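Q: As you go down the protein sequences, you meet chains A and B in turn.
First residue of the first sequence? That's 1292 in our numbering, and the numbers climb one at a time after it.
First residue of the second sequence? That's -14 in our numbering, and the numbers climb one at a time after it.
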Amino acid sequence: MQPTPTVSPPPAPVGAPILRAADLTMTYPGGTTALAGFTVSVPPGSVGLVGANGAGKTTLFRLMLGLMEPTGGSLEVTGRPVASDPVGIRSRLGYMPEHDCLPLDQTAADIVATFGELAGLPARAARQRASDMLDLVGLDEARFRPVGGFSTGMRQRTKLAQALVADPQLVLLDEPTAGLDPLGREDMLDLVGRLAGFGISAILATHLLDDVQRVCEHVVMIDRGRLVLAGPIDRLMQTTGVMRVEVGGRPASGQALVDALAGRGIGASLADEHTVEVDTSEQGDAAFDAVRDLTADLGLRLYALSTRHRSLDDVFMQEARR
Amino acid sequence: MTALPPALSGAVYDRGYRPYEGLRGGRPEARWALWRLSVRRALGLRRSWRQKVFPWSLLAIATIPAIVNVGVGYAARQSPEDFRDFSFITYREYVGVSTALLLFVALTAPDVVCPDRSQRVLPLLFSRPLTGADYVAAKVGAIAAIVFGFAFLPQVVLFVGQMFVTRDGALNYFTDHAEVLWQVPLAVVMLAVYYAAIGVALASLTDRRIVGGVAILGLALVTSGIAGIFEASAEDGTALAVINVLALPLALRDLIFLGHVSADSGLSGVSGGGVLAVTAYLVVLLSAVALLLHRYREVDL
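This is the structure:
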């Protein structure tokens, strides 16, 4: 007999972290430690989970989906402890694997509707939402074609549609741009970037920092099972800003400016005889004012002044080497 | 200037994303959805006509004995007394059209589980509120339900047909044969669950459908061949007849219909043959389920 659908579980508290891990540790039976004392709190929104292959991203996803128990620590997803209901937690999560995972002889409409039903939606609602989601990802005209005839980009879109069909609070996207051509990658990133506007948080696991920088508000960097860095992307990049100043008007003008800035406690280094790189990470706008004032006081000519934010690659490399 | 009425002016709406606020189920609903998906797949529904040919042909073939029996009974209504009790097949024998059912299981059990592993659908399935036990229940349940249907529906045709062609009257036929109303379903359930569990368990060991199908048929051929050798060398039956694992449900069928193992069984004449058959049946069935639970206890993403 068909089970009667029940009322959906209570939504997560507004503003609750979508992921909160405290001293999370996962050691496999073979002795491999995939996560070691991983502690992080991630607010709702689009989040990039960055790390090299083997860094622990997939293990973290498995733990978030309740597919295995951590060997230590605690984990909350969308405000609910995973350990208390590891199966039920999945009803409000969407998951898009990196690899091919679609039944090739079925149509996109059937696949997406099926995964809607598997997430607990009634059959009619699942078919309606499957239609809506395929429309959303741009597959409305191909919905009745078998997925086996789809291009890589179309399959990725189908995978995203099935992840969204049950209206999840959080989607876990594993390398969503893997294998896509530049145009397909742009389209996929555009779709991922729109999720926050739908009220759906997303964790984008990738080793492509450009993708994260494009669509995410927060980043969690992970290396060999340990947290490297976590925070809002804007702040991370601003706090690592560098100002590049070109001066002239007399010999060794650059060195003169470096010495003067040092006198005010502002770090600076000489790039060449007339070019100075000023660290703005600590004093922010005050560093700009100091450069302006000192250039005038020293009688130097200011030829150029530009800021250069470090990329996420720079941040990751710098933090991972510590 | 007069404004066009709304119906004629037209408008383009960006529906955007609409959240879902309706009812939402949990594990039972997910298990039920997977069961329905597997039944559809095994029956070829929402698939090409080639996928539909085999299951529906099998149902037609399985129904032929019932149609023949009822047809002959109808034709013999006005015949001399000797022909009136003509019976092409009995209810007990009809439960044992197991070769056709075994062939069905060998073709469909691998089809409902092997692609999930070979096409790596399992990680996606287990990202939904499903456990390994739910998956096993849905897959075995789907195959068992179809085998039950294909073994039970012809019996219904036979029973209803015989009721209406008998010269003694439908009500008399019904009361005279009322015991088959529980015997047939029970025997068919035991056969269907057993074949489904073994078929799905063997299919779960491989990613390739053809290998799974060959394994199921191979098990039937090899075990029946070995058991046949022992039976041929024993005059009064032998306990080693239980090696023929796919014949065990037929021994249980005999216990249900006759109260003892039938004379044509390899266990006939063996002391405690019925108990031995039931024990062997349970051991094989539980082993198949244990293997399945082990195979789907966890899945890699």
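Ideal Cβ placement from N, Cα and C applies to all residues, glycine included.
None of these values were measured; they are calculated from a predicted model.
When you check each C-beta in the segment 1408 to 1442 of chain A against every C-beta of chain B, which residues fall closer than 7 Å?
A: Those would be E1408, L1409, A1410, G1411, L1412, P1413, A1416, R1420, D1423, L1427, in chain order.
Q: Counting only the same chain and skipping the five closest in sequence on each side, list residues whose C-beta sits under 8 Å from that of L1430(A).
A: Looking up residue 1430(A) in the first sequence gives position 139. Excluding residues within five positions, the ones whose Cβ falls inside 8 Å are A1399, M1445, R1448, T1449, A1452.
Q: For R1381(A), which residues in chain B fall below 7 Å Cβ to Cβ?
A: Position 90 of the first sequence holds residue 1381(A). The contacting residues are S112, R113, P114.
Q: Mind pulling the chain A residues with CB within less than 8 Å of L143(B)?
A: Stepping through the second sequence from its first residue, residue 143(B) is reached at position 158. Here the premise fails: no neighbours, minimum Cβ distance about 27 Å.
Q: Compare the Cα-Cα distances from R194(B) to each of A123(B), Q104(B), L115(B) and report the closest residue.
A: Residue mapping note: residue 194(B) aligns to position 209 of the second sequence, counting from 1. Per the Cα distances, Q104(B).
Q: Under three-state DSSP, which class holds T191(B)?
A: Reading the second sequence from its first residue, position 206 is the one you call residue 191(B). It is coil, neither helix nor strand.
Q: Label N157(B) either buried or exposed according to how many other C-beta atoms from any shown protein chain fall within 10 Å of its C-beta, with 16 as the threshold for buried.
A: Taking the first residue of the second sequence as 1, we reach residue 157(B) at position 172. Its Cβ having fewer than 16 others within 10 Å, N157(B) is exposed.
Q: Counting Cβ pairs closer than 8 Å, one from the segment 1308 to 1318 of chain A and one from the segment 1363 to 1380 of chain A, do we hit at least three?
A: They touch, by the three-pair rule.
Q: Could you tell me which chain B residues have their CB closer than 8 Å to the CB of F1406(A), listed as they occur along the chain?
A: One-based indexing of the first sequence puts residue 1406(A) at position 115. Near F1406(A) (Cβ distances below 8 Å), the residues of chain B are L109, R113.
Q: Does P4(B) come within less than 8 Å of chain A when only Cβ atoms are used?
A: Reading the second sequence from its first residue, position 19 is the one you call residue 4(B). Yes, contact with chain A.
Q: Identify the continuous beta strand (DSSP E) that holds D1570(A) and give its terminal residues.
A: Residue mapping note: residue 1570(A) aligns to position 279 of the first sequence, counting from 1. Segment 1566 to 1570, the beta strand (DSSP E) holding D1570(A).
Q: Helix, strand or coil, according to DSSP, for V174(B) in the structure here?
A: As a working mapping, residue 174(B) is identified with position 189 in the second sequence. In this structure, V174(B) counts as helix in the three-state DSSP scheme.
Q: Listing by chain order, which chain B residues have their CB less than 9 Å from the CB of Y1319(A)?
A: Within the first sequence, numbered from 1, the residue matching residue 1319(A) stands at position 28. Neighbours of Y1319(A) on chain B: none; closest Cβ ~11 Å, over 9 Å.
Q: Can you give, in chain order, each stretch of the alpha helix (DSSP H) that sits fully within the segment 29 to 114 of chain B and has at least 4 residues?
A: Listed in chain order, they are 34 to 60, 66 to 69, 76 to 80, 83 to 103, 107 to 110.
Q: Hey, is A1487(A)'s beta-carbon within less than 8 Å of any beta-carbon in chain B?
A: On the first sequence, position 196 is the one that residue 1487(A) refers to. So, not an interface residue.
Q: With contact counted as at least three CB pairs below 8 Å, one residue from each stretch, are the segment 43 to 55 of chain B and the segment 79 to 90 of chain B in contact?
A: Enough Cβ pairs lie closer than 8 Å, so yes.
Q: With burial defined as no fewer than 16 other Cβ atoms inside 10 Å of the residue's Cβ, what is the status of N1344(A): buried or exposed?
A: Here the question's residue 1344(A) lines up with position 53 in the first sequence. Exposed: under 16 other Cβ atoms inside 10 Å.
Q: Could you name the residues of the same chain whose beta carbon sits closer than 6 Å to that of G1363(A), not counting the 5 residues immediately before and after it, in chain order?
A: Your numbering for residue 1363(A) matches position 72 in the first sequence. Closer than 6 Å at the Cβ level, and outside the excluded window around G1363(A), lie T1316.
Q: If you compare alpha carbons, which of K37(B), L28(B), L110(B), E216(B) is closest to Y281(B)?
A: As a working mapping, residue 281(B) is identified with position 296 in the second sequence. If we check each option's Cα against that of Y281(B), L110(B) comes out closest.
Q: I want to see whether chain B comes within less than 8 Å of D1604(A), judged by CB atoms only; does it?
A: What you label residue 1604(A) is simply residue 313 of the first sequence in a count that begins at 1. So, not an interface residue.
Q: Roughly how many angstroms lie between the CA atoms of L1593(A) and S1544(A), to the nearest whole one?
A: Along the first sequence, one-based indexing puts residue 1593(A) at 302. Along the first sequence, one-based indexing puts residue 1544(A) at 253. Roughly 10 Å between the two C-alpha positions.
Q: Any idea what DSSP makes of V1378(A), helix, strand or coil?
A: Here the question's residue 1378(A) lines up with position 87 in the first sequence. Three-state result, V1378(A): coil.
Q: State the DSSP-derived secondary structure class of M(-14)(B), mapped to helix, strand or coil.
A: For this step, residue -14(B) is matched to residue 1 along the second sequence. Because the pLDDT of M(-14)(B) is 45, which lies under 50, any placement of that residue in the model is unreliable, and the question is left without a value.
Q: Please state the DSSP three-state secondary structure of V1615(A).
A: With chain A running from 1292 to 1613 in the structure shown, residue 1615(A) is simply not present.
Q: For I131(B), tell me which candidate among G210(B), L277(B), A181(B) has the shortest Cα-Cα distance.
A: Residue numbering aside, residue 131(B) sits at position 146 when the second sequence is read from its first letter. Taking only the C-alpha atoms, the option nearest I131(B) is A181(B).
Q: Taking only three categories from DSSP, how would you classify I1491(A)?
A: Along the first sequence, one-based indexing puts residue 1491(A) at 200. Of the three classes helix, strand and coil, the one that applies to I1491(A) here is coil, per DSSP.
Q: Is G146(B) helix, strand or coil by DSSP?
A: As a working note, residue 146(B) is residue 161 in the second sequence. G146(B) falls in the helix class under three-state DSSP.
Q: Do P114(B) and G1411(A) come within 8 Å of each other at the CB atom, strictly closer than that value?
A: Numbered from its first residue, the first sequence carries residue 1411(A) at position 120. Numbered from its first residue, the second sequence carries residue 114(B) at position 129. Yes, Cβ-Cβ distance for G1411(A) and P114(B) is below 8 Å.
Q: Go ahead and pull the three-state DSSP assignment for L1499(A).
A: As a working mapping, residue 1499(A) is identified with position 208 in the first sequence. Correct three-state label for L1499(A): coil.
Q: Kindly say whether Q147(B), judged by its beta-carbon, lies nearer than 8 Å to any beta-carbon of chain A.
A: The sequence position of residue 147(B) within the second sequence is 162, counting from 1. Chain A, which has no Cβ nearer than 8 Å to the Cβ of Q147(B), makes this no.
Q: So for S218(B), helix, strand or coil by DSSP?
A: Looking up residue 218(B) in the second sequence gives position 233. Reduced to three states, the DSSP call for S218(B) is helix.
Q: Under 8 Å between C-beta atoms, does R282(B) make it to chain A?
A: Within the second sequence, residue 282(B) is the residue found at index 297, counting from 1. It does not: the Cβ of R282(B) has no partner Cβ on chain A nearer than 8 Å.
Q: Given that R31(B) touches chain A, what residues does it touch there, using C-beta distances under 9 Å?
A: If you number the second sequence from 1, residue 31(B) lands on position 46. Within 9 Å Cβ-Cβ: Q1397, T1398, D1401.
Q: At the level of alpha carbons, what is the spacing between E1537(A) and G1556(A)?
A: The residue labelled residue 1537(A) in the question sits at position 246 within the first sequence. The residue labelled residue 1556(A) in the question sits at position 265 within the first sequence. Spanning the two alpha carbons is a distance of roughly 20 Å.
Q: Please check if any C-beta of chain A sits within less than 8 Å of the C-beta of V106(B).
A: Counted from its first residue, the second sequence places residue 106(B) at position 121. Judged by the 8 Å Cβ criterion, V106(B) is in contact with chain A.
Q: Which residues in chain B sit within 8 Å of C1507(A), going by Cβ to Cβ distance?
A: Against the first sequence, residue 1507(A) aligns to sequence position 216. Correct list: empty, because the minimum Cβ distance to chain B is about 19 Å.
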